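Undergrad: Residue numbers (full-length UniProt numbering): 1 to 217. The structure is given below, and queries will be raised subsequently.
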Amino acid sequence: MPLPAPIDTDDDRPRPPLPTREAVTGLVLAGGRARRMGGVDKGLQAWQGRPLVAHVLARLAPQVAAVAINANRSLEAYATFGLPLWPDRRAAFPGPLAGLEAGLAAATTPWLLTVPCDAPGLPADLRARLGEALAVTGADVALAVTREGPRTRAQPVFALWRVSLAPALRAHLDDGGARVEDFVRRSRHVEVVFDEPAAFANANTLEELAALPPPRP
């Protein structure tokens, strides 16, 4: 569902509440196998002198009320960040949807903002822009998409989710669902266009990690 035109500020009809910082938990998804990176723990790989996940946490934490990490291995290393660890509730690393399932089940706020562990330049206004779209539309999911020339590209793990989607996601996974995009399409969602694709740059290989651009302020 595309983002509608801005609402008339003179319209007195009630609007859905804005997902403010206090209403959102941030979740860093670091539970994958990183096969294309040789099976190393991607979030713990060094970049500009710090683990990738440390850069992501620094960008995410100011935007949300609380932060947790979805990890399935290297738990002692992730525990050094002093944050809750929410492993998948399903075996065999079924993918980011399983991390989302863990987050929706554990979050105590009405909203959950997910980001991957390998995107150190994520937008500093990600929660604010996704939240504004939700307040306008009343949707259950706001999904970031980037404008790349004449086309847009979905960034499915950069999303703001209503926590009450937990039962629907559990049923989707029980039915064999595996792709984040498929669950988004089954949910009432809104796409939010970002014109800064470099902010969403991530690393799937060690070569891509070395080539990541420095984050913008």
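Glycine included, each C-beta is placed from N, C-alpha and C at the ideal position. Every value quoted in this text rests on a predicted model; they were computed, and no experiment measured them.
Going by DSSP, what residue range makes up the beta strand (DSSP E) through Pro116?
TA: Note, Pro116: beta strand (DSSP E), 111-116.
Undergrad: Report the rounded CA-to-CA distance for Thr25 versus Ala128, giving the unit in angstroms.
TA: Going by the C-alpha atoms only, they are around 13 Å apart.
Undergrad: Using DSSP bridges, identify the partner residues of Ala71.
TA: Per DSSP, none; premise fails for Ala71.
Undergrad: Below 7 Å between beta carbons: does that hold for Gln63 and Leu52?
TA: Not a contact, by the Cβ cut-off of 7 Å.
Undergrad: Evaluate Arg59 with the Cβ neighbour count: other Cβ atoms within 10 Å of its Cβ, from every protein chain shown; 16 or more gives buried, anything less gives exposed.
TA: Arg59 is buried by the Cβ-count criterion.
Undergrad: Per DSSP, what are the beta-bridge partners of Gly26 in this structure?
TA: Partner(s): Val67, Leu113.
Undergrad: Going by the beta-carbon positions, is the gap between Gly43 and Cys117 smaller than 7 Å?
TA: Yes, Cβ-Cβ distance for Gly43 and Cys117 is below 7 Å.
Undergrad: Quick one: what's got a C-beta closer than 6 Å to Pro6's C-beta in the same chain, skipping five residues either side?
TA: Interpretation of Pro6 is limited by its pLDDT of 35, a score under 50 that renders its predicted location unreliable; no figure is taken from the coordinates.
Undergrad: Quick one: give me the first and last residue of the alpha helix (DSSP H) that Pro217 is part of.
TA: That residue, Pro217, is in no alpha helix (DSSP H); it is neither H nor E in DSSP.
Undergrad: Assuming Leu160 and Gly131 make a contact with CB atoms under 8 Å, what is their CB distance in whole Å?
TA: Rounded, the Cβ-Cβ distance is 6 Å, consistent with contact.
Undergrad: Taking the alpha-carbon positions, what's the Thr108 to Pro84 distance?
TA: Taking the straight line joining both Cα atoms gives about 12 Å.
Undergrad: Comparing alpha-carbon positions, which option in Trp47, Arg73, Phe81 lies nearest Asp88?
TA: Nearest C-alpha to Asp88: Arg73.
Undergrad: Starting from Val136, trace the alpha helix (DSSP H) in both directions and tell me its first and last residue.
TA: Segment 126-137, the alpha helix (DSSP H) holding Val136.
Undergrad: What residues in its chain sit with their C-beta under 7 Å from that of Arg153, if we drop five residues either side in the sequence?
TA: Excluding residues within five positions, the ones whose Cβ falls inside 7 Å are Val145, Thr146.
Undergrad: Using the DSSP secondary-structure output, state which residues sit across from His189 in a beta bridge.
TA: Answer by DSSP bridge pairing, in chain order: Val141.
Undergrad: Just how far apart, CA to CA, sit Leu212 and Val163?
TA: Approximately 32 Å, taken between the alpha carbons.
Undergrad: Would you kindly report the start and end of the unbroken beta strand (DSSP E) that includes Val157?
TA: Residues 151-162.
Undergrad: Thinking Ala119 and Phe200 are a contact (beta carbons under 8 Å), I'd like their distance in whole angstroms, please.
TA: Sure, about 6 Å apart at Cβ, within 8 Å.
Undergrad: Thinking just about the alpha-carbon of each residue, which of Ala198, Leu18, Val40 is nearest to the one in Gly121?
TA: Cα-wise, what sits closest to Gly121 is Ala198.
Undergrad: Sort out for me which residues DSSP pairs Pro51 with in a bridge.
TA: DSSP, once it has assigned bridges, lists Ala46 as partnering Pro51.
Undergrad: Going along the chain, which residues of its own chain have a beta-carbon closer than 8 Å to the beta-carbon of Pro214, five neighbours each way excluded?
TA: Correct list, in chain order: Gln48, Gly121.
Undergrad: Asp140: buried (16+ other C-beta within 10 angstroms of its C-beta) or exposed?
TA: Answer is buried; the Cβ neighbour count reaches 16.
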